[in-house]
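Asks: Going down the list, the protein sequences come from chains F and C. The opening position of the first sequence corresponds to residue 19 in my numbering, with each subsequent residue numbered one higher. The opening position of the second sequence corresponds to residue 1145 in my numbering, with each subsequent residue numbered one higher. The C-beta atom is built at its ideal place from N, Cα and C for all residues, glycine as well. No experiment lies behind these values; they were computed from the predicted model shown.
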Amino acid sequence: MADIKQLQDFATQVRRDILRMVHAVSSGHPGGSLGATDFVTALYQEIMEHNASNFNMEANGEDVFFLSNGHISPMWYSVLAHSGYFAVSELATFRKLNSRLQGHPTTAEGLEGIRMASGSLGQGLSVALGVALAKKLDGDNHLVYTLHGDGELDEGQIWEAALYAGAKKIDNIIATVDYNKQQIDGSIEHVMDLGDLGAKWRAFGWQVMEMQGNDMADIIKVMAEAKAATGKGKPIAILMHTEMGAGVDFMEGTHQWHGKAPNDDQLATALAQLPETLGDY
Amino acid sequence: MKKITYTDINDTRSGFGAGLLEAGKKNKNVVAMCADLIGSLKMDAFKDEFPERFFQVGISEANMIGMAGGLATAGKIPVTGTFANFSTARVLDQVRQTVAYSNKNVKICASHAGLTLGEDGATHQTMEDISMMKNLPNMVVINPCDYNQTKAATEAIMEYVGPVYLRFGRPKVPNFTPADQEFKIGEALMLNEGADVSIFATGHMVWKSIEAGEILAEKGIDVEIINIHTIKPMDKEAVLKSAAKTGCVVTAEEHLRNGGLGDNIAQILALNNPLPMEMVAVDDKFGESGTPDELMTKYGLDAKDIVAAVERVIARK
């Protein structure tokens, strides 16, 4: 049984890390990182079977996660570090010269927990399908999880992959869309209206679920349902409703913090809303 | 000029198909994917022998490259099959991020490269692919010359761990390399030792260079012919050794002059031993419809073009 309070505390620390990392280098993407924090925390702390202490690139015999919208890297780095993939102190090197914590995730620097570079959008679902096929070939019944931005769904490759997964019944994958309805230039509706997004995924042969992505209890509940729905001939898509900037009042509900770092005063205001839980890096 | 004979006429893509089948038999981790061109890529034999290890992805090359990256991550040796243009320009960013930058063990196998694709015309005739692929860090680029060498290369790249671009073609061409010749990635092959000029050729232009060498021998010119099947990593030592001996160089490739084999050789010579050099390649332009032979003639890729380049470069010595 999940300890919701413990997961929320973990997420609060991740949010602190995100803000401090982005502030330290005056660059990065806090808005989407904050919005997706609860989900990725739940994945690594509760939902996935994974081996943090002995990182295995091939992920045989474990669940695996791919972050397709790589720009929310500070969130992922923090979750990975606090989950035991690498030292929490290394978070201080984010986006700095000679760091393994590149602006966008990469395998090039050998950072434990990262299995594929991402950043140029739209590619992660295809990658996940490749791993899902390999798991089927190997008789490994573990699952493949992905996270995508809703703006990322503008990319054609996403729909190539969606078509493949539905047509070929790739039912060991759970793809989650961070449906915060914001992208760099403004609201999704304004930039590129996604219309009936659930209907789109269903039309491609996916089973679609909805989830409140900033409600830890709902994440645990829906992800359990999603897991139970795997292996039944359909890939699973989850439309995860989140607030960009979740957890920091002045960052919520706007695209303004998509790719902007807080200044000193803004950082202080934000951190006051997020008390230290696991210890700052 | 020693007599070099061919055993049969065959297409390099069939060499790929045969090599893929052998590689599949040798290593169960070899998996293959194709974007709706199984017949053109000669992947039928692999598909029939190993249906569970073959993935038809439809006409979605970007997804194919991404899936290949995933399969490689999980320890498989994925082979992607489509035309050269759709293996490179169509998916350059996917290859860049998911294969090259992520350094995945993906084998991008590309048929119908160059002008000899023929009648389909410029939309399908890539003469820019070597340029795009060699410019990606971590990427190995191989362009074998005949059926036997393509088969051997296909088997060899499965033993190498890392991203590879393997380029081959559509038409049936003389098959002259020994069937049992080992393929060593990055090692240039001496075809004919000579004293007057070094011809470095790749792909279909290797046989054209042999034809040119015979014509030149009748004119009393003693050519050295070296088969550069691996564009990257380039066998720099072999290039410099031969160039130092003959004192002048001609390169020959079925590719644009910008960004191809000649570019690499020019760089090696310029930095180490500047010598007169001529390039037989295609000018800065797209191709067009026509038979392969007609196109090779129109775009200056015949044996006579190599002969002319040799005569020009010797005059500059």
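1) For F1199/C, report the span of its beta strand (DSSP E) as first-last.
2) Assuming L1164/C contacts G148/F (C-beta within less than 8 Å), just tell me the rounded distance between them.
3) In or out: V1457/C buried (at least 16 other Cβ within 10 Å) or exposed?
4) DSSP three-state label for T287/F, please.
5) In chain C, which residues lie with their C-beta within 8 Å of the C-beta of V145/F?
6) With distances taken Cα to Cα, identify the nearest neighbour of C1253/C among N1319/C, E1263/C, G1159/C.
7) Look at the alpha carbon of I1375/C and the alpha carbon of I1286/C, and state the distance between them as a whole number of angstroms.
8) Go through its chain and collect everything with a Cβ distance to A1345/C's Cβ below 6 Å, but skip five positions before and after it.
9) Straight-line CA distance for K218/F to K239/F?
10) Any beta-carbon of chain C closer than 8 Å to the one on Q120/F?
11) Since D1290/C contacts T1321/C with CB under 8 Å, what's their CB separation in whole angstroms?
12) Quick check on DSSP: helix, strand or coil for E228/F?
13) Using the rule of at least 16 other Cβ atoms within 10 Å of the residue's Cβ for burial, across every protein chain shown, is T1217/C buried or exposed?
14) Identify the contact partners of S138/F in chain C, using a Cβ-Cβ distance below 7 Å as the criterion.
15) Does Y182/F get closer than 8 Å to chain C when you measure Cβ to Cβ?
16) Quick one: which chain F residues come within Cβ less than 7 Å of V1201/C?
17) Within the chosen definition, does the region 189-207 of chain F reach the region 144-161 of chain F through at least 3 CB pairs nearer than 8 Å?
18) Counting only C-beta atoms, is A1206/C closer than 8 Å to chain A at any point?
19) So, helix, strand or coil for D196/F, using DSSP?
20) Once you ignore the five residues that flank K1316/C on each side, which residues in its own chain have a CB closer than 7 Å to its CB?
21) Counting only the same chain and skipping the five closest in sequence on each side, list residues whose C-beta sits under 8 Å from that of G1210/C.
22) With 16 as the cutoff for other CB atoms within 10 Å, does P1281/C come out buried or exposed?
23) Give the residues from the region 47-72 of chain F that approach chain C closer than 7 Å (Cβ to any Cβ), ordered along the chain.
24) Between which two residues does the alpha helix (DSSP H) containing M1349/C stretch?
25) Rounding to the nearest angstrom, what Cα-Cα distance links I1221/C and M1283/C in this structure?
26) Please classify N74/F: does DSSP put it in a helix, a strand, or coil?
27) With three or more C-beta pairs closer than 8 Å as the rule, is the region 58-68 of chain F touching the region 108-122 of chain F?
28) Output the distance between the C-alpha atoms of L181/F and K252/F, rounded to the nearest integer angstrom.
29) Are E1398/C and T1260/C touching if we call contact CB-CB under 8 Å?
30) Identify whether H122/F lies in helix, strand or coil by the three-state DSSP scheme.
31) Kindly indicate if chain F contains any beta-carbon less than 8 Å away from that of N1371/C.
32) Could one say the Cβ of A126/F lies closer than 8 Å to chain C's Cβ atoms, at least one of them?
Replies: Put simply:
1) 1198-1200
2) With a Cβ gap of about 18 Å, L1164/C and G148/F do not count as contacting.
3) buried
4) helix
5) G1210, M1211, G1213, G1214, T1217, T1242
6) Minimum Cα distance to C1253/C is reached at G1159/C.
7) Answer to the nearest angstrom: the Cα atoms are 6 Å apart.
8) Closer than 6 Å at the Cβ level, and outside the excluded window around A1345/C, lie S1353, A1396.
9) 24 Å
10) No - not a single Cβ of chain C is within 8 Å of the one on Q120/F.
11) 5 Å
12) strand
13) buried
14) Contact annotation for S138/F against chain C: D1237, Q1241 [CB-CB distance below 7 Å, chain order].
15) yes
16) Those are Y182, listed as they occur along chain F.
17) yes
18) Considering every chain present, this structure includes no chain A. Its protein chains are F and C.
19) strand
20) Exclusion of the five residues before and after K1316/C leaves I1153, N1154, D1155 as the residues of its chain whose Cβ lies within less than 7 Å of its Cβ.
21) Q1238, T1242
22) When all chains shown are included, P1281/C counts as exposed.
23) Against chain C - using a Cβ distance shorter than 7 Å - the region 47-72 of chain F contributes no residues.
24) 1349-1362
25) For I1221/C and M1283/C, the gap between their C-alpha atoms comes out near 15 Å.
26) Three-state DSSP puts N74/F in coil, outside helix and strand.
27) no
28) 12 Å
29) yes
30) For H122/F, the three-state secondary structure derived from DSSP is coil.
31) no
32) yes
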